[in-house]
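Colleague: Have a look at this one before I ask anything.
Next comes the structure, spelled out in structure tokens:
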């Protein structure tokens, strides 16, 4: 019996090639995009799962509110890890990571800059599952001047993975022995370091300072431990260890601090949540976000639903053509069940064809998608045991869902009615079909609004006035190796033609160093006048070079020697301090943590607020101090011969710092990097939204084809009575326009709610204007009209005699 | 074989009953060949559909092979029809996507006949109607007369005891029509199949042994063919 159904299905599909193509293609595009999204989402959800102890690893995060500044950190104090292991038996092991910036690694005659370098405790391999190709995991990171590297690095420097025992030269002269080679860290990891240096070499790791948070600290809990029960002890730990150090530093008890709203809290972040839920200060890499996992999953579902709805609509719209067959089969003795099975078989067959096409499409699209998403995703058809059963399940599900409505609808026909040809009238009055069309437009309009909002917000970020001028600024990275020659380098560069200004500092608004410290309004260091702010070390040329504005007072100047204890605050700092006339006011701070010596600064000026974080965050208080930081040289240029200028700067660099790598970038590129992730996800969203709209259009097109076919007699009669093509166009379009209007009314509030929620993630964002909604509505109408009219003009233009004669 | 008592069929139109059939009383014995005649709208087709159990009367008693059809549930009724009744239509109603062989085979599939038996039975039927050479053609490749032959072959394949034909020659030219009517006479005479046909043509009606004349939903008179 199945063979018979199969034959009929195949012949039917073949006979109506246009319809089949529309149906299969629409479904295939839907399935392909859906597959890509699912692979992306699955990839996002499987981060860090390569660890055998995945479920037992937690990162200890700090949450500090002090002096009006709230800090949510992915880092903790250096003694925290060892203390947890010592005091709490449920903690099986800990491992700390401490960033050491970059190193220079010698290869032959050149020094190569490496940035994926980290100090790590020797317990690394007890906690994380990083398989070692060569070396002994338990001793590899114990002694100083040893290093564990990844296979790629071994290949890069030694042309072989067998690098155990070999020596590497760091920073020009320091020899390090390779004590271990590990496999490259999987893509789906929240950190990707190439060089692991022993913590024993890092003096800060033994500082026992509870008031400074610099260590990413991970703990491995014993099997069966409830993390909440461990976390409940954190308060007593803070009282025991942090309290005395606070008392010593600022002569205030922890309890006193608390009464003024200050606090220190530690919390446990499960490893599995880091990639998608954690966006704190001190993360190793920008993480993903669960919002986008949700958004993408919903889009995948939407696309699939739209494709299914297409299928259902097209099948039922065509029902008049199949109705006769249903009637005959019933008279020949077919039971309803047999017919339902027949139509389900057909729809699963179509789905199977679509699926094969979709797999091909997904293969073709994968490189573009990877480029778009900056991932290394693979279809994994045969490597991943989950894929094939998943796809078969998807096929049966989609085939079943999409086929069920036509199956039940068609099989319910009464034979005498269909054999008498009384069915066509049913088309226009099908409430379910109208509902489905409304649903499709609802999704399309929501996606169009989403696309417009995301695009406008991205545009807004790109063109937002940031309080500094990021165009035409060339940055020479990592000038530390210049040492004493740094000033010479700056002076020489300033003398070059095409250079307008230059400033030397590691603290740039777009990237680079960040540092914050506490300041007080009075020498008694009272909490009420305290402020936690960014503390940046700059030179006198900083503000003019970067085109920042002075709001009050003046810039640093070489004419005032006392500027060495001067500070320029930003407006946010002034506001928090509550000063109306800030110039010449004083600020007090401790020389270093734990000491009694104070430094007094006087305010020389106020700089207009400028953004130095992503626009997702508000501008926080900041103080600029005069210092000698050789982090990088930022050059404002006013020449068209940029490459010539870079050549001359590089020449100078080579004279002053031979065999040190020269690297540069442009500030606007640097700025764009901050938004790469947002921009990327935005682009992915927009691409998929366009796909979804495209599929919806395919469906609408198919639907008009059949609406036209069914009403061809009516149209023909109207034409013989003298109707114009335009009036027929409006007659047929009106049906759809009504549906679009309903869809628009439902979609607008939903889209408003969703996009408003998304925009809340940005401290600086566009407003949701009526214009956006209106243009989305107009766009939807235009798309629909265009789709409908192509078909209607064809029907309306045909000779009415042909249609009327067939009766 | 068939017993209709006081069969009426109406449609409610704006609160009034619009009668298609009114108090029809008819009995047909096994082996008879009955023609139903009447002008358009007299209820011939409705009567035939009720006899074929693909339409239900609004009221009345309907017995088929001694069973009370009017008391049956739809599924039971369908099964009874499936086992005993074959249908021939004016518009042939072949399935366009199936070829001649497959069209004839379809009822057997619904009767759950095994594949090997089906083959033998369809081959027999093709032979009997002398359309073996056409078995791989699709309906669109056949003339009207040939299509109707296939339609009849399909109606007979499951060996029904009753053959119902709704203007079987309506779409055919007179020569083809005559051939079909000769075939009916042979089926009735030699194979003993009970036949009830609806027809417009006086001439075709005479092939039946009884002619029922319908007018405005009522049996006007009955004549001998």
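Residue numbers (the working numbering), protein chains in the order written: chain E, 1 to 807; chain V, 808 to 1032. Even for Gly, the Cβ is constructed at its ideal location relative to N, Cα and C. The structure displayed is predicted, hence computed values, not measured ones.
Fully enclosed by the stretch 603 to 684 of chain E, which beta strand (DSSP E) runs are 3 residues long or longer?
Modeller: Those beta strand (DSSP E) runs which fall completely within the stretch 603 to 684 of chain E and span 3+ residues are 622 to 626, 633 to 637, 664 to 666.
Colleague: Counting only beta-carbon atoms, is residue 291 of chain E nearer than 8 Å to chain V?
Modeller: For residue 291 of chain E, the answer is no, since every Cβ of chain V falls outside 8 Å of its Cβ.
Colleague: Please list the partners that residue 16 of chain E has in chain V, where partner means a Cβ-to-Cβ separation under 9 Å.
Modeller: None at all; the shortest Cβ gap to chain V is about 10 Å.
Colleague: Quick check on residue 415 of chain E - is its C-beta less than 8 Å from some C-beta in chain V?
Modeller: Interface residue, yes.
Colleague: Hey, out of E:356, E:581, E:626, whose CA is closest to residue 543 of chain E's CA?
Modeller: For residue 543 of chain E, the nearest C-alpha among the options comes from E:626.
Colleague: So, is residue 937 of chain V buried or exposed, given that buried needs 16 or more other C-beta atoms within 10 angstroms?
Modeller: Its Cβ having fewer than 16 others within 10 Å, residue 937 of chain V is exposed.
Colleague: Do we get a CB-CB distance below 8 Å when we pair residue 914 of chain V with the residues of chain E?
Modeller: Chain E contact via Cβ: present.
Colleague: Residue 325 of chain E versus chain V: which residues are under 7 Å apart at the beta carbon?
Modeller: Residues of chain V passing the Cβ test: 902.
Colleague: From residue 239 of chain E to residue 573 of chain E, what does the alpha carbon distance come to, in whole angstroms?
Modeller: About 30 Å.
Colleague: Anything in chain V within Cβ reach of residue 820 of chain E, meaning under 7 Å, just list it in chain order.
Modeller: Lying outside 1 to 807, the shown extent of chain E, residue 820 of chain E is not represented and no answer is given.
Colleague: Rounded to whole angstroms, how far is the Cβ of residue 907 of chain V from the Cβ of residue 944 of chain V, which I believe are closer than 8 Å?
Modeller: That pair is a contact at about 6 Å.
Colleague: Can you name, in chain order, every residue of its own chain whose Cβ lies under 8 Å from the Cβ of residue 49 of chain E, other than the five neighbours on each side?
Modeller: Contacts found: 188, 272.
Colleague: For residue 665 of chain E and residue 466 of chain E, what's the separation of their Cα atoms in angstroms?
Modeller: Between residue 665 of chain E and residue 466 of chain E, the C-alpha separation is close to 19 Å.
Colleague: For residue 524 of chain E and residue 175 of chain E, I'd like the C-alpha separation in whole angstroms.
Modeller: Using only the alpha carbons, I get a separation of about 48 Å.
Colleague: Could you give the residue range of the beta strand (DSSP E) that holds residue 140 of chain E?
Modeller: Residue 140 of chain E -> no beta strand (DSSP E), and no H or E assigned at all.
Colleague: What's the gap between the Cα of residue 829 of chain V and the Cα of residue 317 of chain E?
Modeller: C-alpha separation (whole angstroms): 38 Å.
Colleague: Throw me the rounded Cβ distance for the residue 30 of chain E and residue 307 of chain E pair, which I believe falls under 8 Å.
Modeller: Rounded, the Cβ-Cβ distance is 3 Å, consistent with contact.
Colleague: With the cut-off set at 8 Å, would you say residue 827 of chain V and residue 818 of chain V are in Cβ contact?
Modeller: Taking 8 Å as the Cβ cut-off, residue 827 of chain V and residue 818 of chain V qualify as a contacting pair.
Colleague: Given that residue 943 of chain V touches chain E, what residues does it touch there, using C-beta distances under 8 Å?
Modeller: Those within 8 Å of residue 943 of chain V in chain E number zero; the least Cβ separation is about 13 Å.
Colleague: Specify, as a first and last residue, the run of the beta strand (DSSP E) that residue 416 of chain E falls within.
Modeller: Where residue 416 of chain E is concerned, there is no enclosing beta strand (DSSP E), although the alpha helix (DSSP H) it sits in stretches over 415 to 419.
Colleague: Output needed for residue 437 of chain E: all residues of its chain with C-beta closer than 6 Å, excluding positions within five of it in sequence on either side, in chain order.
Modeller: Cβ within range, chain order: 739.
Colleague: For residue 453 of chain E, which three-state DSSP category applies?
Modeller: Reduced to three states, the DSSP call for residue 453 of chain E is helix.
Colleague: How is the beta strand (DSSP E) around residue 991 of chain V delimited, first residue to last?
Modeller: First-last for residue 991 of chain V: 981 to 998, but that is the alpha helix (DSSP H), not the beta strand (DSSP E).
Colleague: Taking only the alpha-carbon atoms, compute the straight-line gap between residue 183 of chain E and residue 298 of chain E and give it to the nearest angstrom.
Modeller: Their backbone Cα atoms lie some 36 Å apart in a straight line.
Colleague: Just how far apart, CA to CA, sit residue 327 of chain E and residue 1008 of chain V?
Modeller: Taking the straight line from one Cα to the other gives about 27 Å.
Colleague: Could you check where the beta strand (DSSP E) with residue 815 of chain V kicks off and where it finishes?
Modeller: Start and end: 809 to 820.
Colleague: Which residues in chain V sit within 8 Å of residue 11 of chain E, going by Cβ to Cβ distance?
Modeller: Within chain V, the residues near residue 11 of chain E are 904, 905.
Colleague: Does the ligand ADP have a heavy atom nearer than 7 Å to the CB of residue 573 of chain E?
Modeller: Of the ligands one can find in the structure shown there are none, so the ligand ADP has no counterpart to examine.
Colleague: Helix, strand or coil: how does DSSP classify residue 274 of chain E here?
Modeller: Correct three-state label for residue 274 of chain E: helix.
Colleague: Got a sec, what are the start and stop residues for the alpha helix (DSSP H) residue 829 of chain V sits in?
Modeller: Segment 823 to 835 is the beta strand (DSSP E) holding residue 829 of chain V; no alpha helix (DSSP H) there.
Colleague: Using the beta-carbon count (16 or more within 10 Å), is residue 914 of chain V buried or exposed?
Modeller: Buried, since its Cβ has 16 or more Cβ neighbours within 10 Å.
Colleague: In terms of residues, what are the limits of the alpha helix (DSSP H) holding residue 14 of chain E?
Modeller: That run of the alpha helix (DSSP H) goes 2 to 15.
Colleague: Below 9 Å between beta carbons is the criterion; list the residues of the stretch 298 to 320 of chain E that meet it against any residue of chain V, in chain order.
Modeller: The residues in question: there are none.
Colleague: Could you please tell me which residues of the stretch 916 to 934 of chain V, in chain order, have their CB closer than 7 Å to any CB of chain E?
Modeller: Per Cβ criterion, the list reads 916, 917, 918.
Colleague: I need the straight-line Cα distance from residue 124 of chain E to residue 746 of chain E, nearest angstrom please.
Modeller: C-alpha separation (whole angstroms): 54 Å.
Colleague: Can the beta-carbon of residue 839 of chain V be found closer than 8 Å to that of residue 968 of chain V?
Modeller: Cβ distance not < 8 Å, so residue 839 of chain V and residue 968 of chain V don't count as in contact.
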